[in-house]
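Comments concern the structure below.
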Amino acid sequence: MFILQSGGTSWKVLLGRRDGLVANQTGANNGLPSPFETLDVIISKFATVGLDVKDVVSLSGGHTIGLAKCSTFSNRLFNFSGTGSPDSTMNQSMLTDLQNLCPLNGDGSNTAPFDRNSADLFDNHYFQNLINGKGLLGSDQILFSSDAAVTTNTKSLVLSYSSNSRLFLSDFADSMVKMGNISPLTGSAGEIRKNCRLVNS
């Protein structure tokens, strides 16, 4: 509902889905992509659950809204990959702003919007940002700026979505449906929740 209210799209969610009874942070951390991983690793993690490169790029477009803590991108600001310099793919003006927000010896708890241009709108500005070196997370910017972005086709998808909002919204909805159908619980496993935020009491 929030995505729709923010200018995005909607998609059909199947009813009667069974949810697990316990949370597994370690399992989630191992399975979910990290903002510090290479594009090949991210694509591989998606592929493990049946998602392809188009899903990687379209679902990354969800970063058109929301915030990230400095701790998730400060590695790009001062000593990127041990070079002693910031990430050269980051827009200079954005870099200066983020260095002020996230000082070298800070605690990493300050936050920055994923999309500085339209932080509260679900739109395709995220992809336009990547073209201009304004991706916040390393895992965002590599979709356009890394060598692997060409060979894996993520760069061409970024270009397509940056100029075609309707295509992005359509592909995002399709990818959300695919993601929602990953390894559904069946039989007596889990439960159908009365309130999707809480385990049934």
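Just so you know, we're using full-length UniProt numbering here: the sequence shown kicks off at 1 and counts up by one. By construction, the Cβ of each residue, glycine as well, lies at the ideal position given by its N, Cα and C atoms. Since we're looking at a predicted model, the values are computed, not measured.
| request: Would you tell me roughly how many angstroms separate the C-alpha atoms of D115 and R17, rounded to the nearest one? | output: 32 Å
| field | Integer Cβ distance of F78 from L104, believed to fall under 8 Å | value | 5 Å
| said: As an exercise, report each continuous alpha helix (DSSP H) stretch of at least 4 residues that is fully enclosed by the stretch 126 to 177, in chain order. | reply: 138 to 145, 148 to 151, 154 to 163
| message | If I measure Cβ to Cβ from D87 and keep anything under 6 Å in the same chain, skipping five residues before and after, which residues do I get? | response | R76, F80
| Could you give the uninterrupted runs of the alpha helix (DSSP H) lying entirely in the stretch 43 to 119, keeping only those of 4 residues or more? | 53 to 60, 92 to 101
| field | A189 - containing alpha helix (DSSP H), residue span | value | Segment: none, A189 is in no alpha helix (DSSP H) and carries neither H nor E.
| task | Determine the DSSP secondary structure at M1, reduced to helix, strand or coil. | result | In this prediction, M1 has a pLDDT of 47, which is less than 50 and means its spatial position is unreliable; nothing more can be read from the coordinates.
| When burial is assigned at 16 or more other CB atoms within 10 Å of the CB, is L15 buried or exposed? | exposed
| said: Between which two residues does the alpha helix (DSSP H) holding G31 run? | reply: 25 to 31
| With DSSP run on the structure shown, which of helix, strand or coil describes D19? | strand
| With 16 other Cβ atoms within 10 Å as the buried cut-off, status of V57 | buried
| task | Give the secondary structure of D40 by DSSP, where H, G and I count as helix, E and B as strand, and everything else as coil. | result | helix
| task | Sort S44, G106, K12 by Cα distance to A148 and report the nearest one. | result | S44
| V177, buried or exposed, once every other Cβ within 10 Å from all chains shown has been counted against 16 | exposed
| query | Between the beta-carbon of A68 and the beta-carbon of L143, is there less than 7 Å? | reply | no
| said: Suppose you measure from the CA of G108 to the CA of L101; what does that come to, to the nearest Å? | reply: 9 Å
| CA-CA distance, N24 and N30? | 10 Å
| field | M94 versus N132, N110, S118, residue with shortest Cα-Cα distance | value | N132
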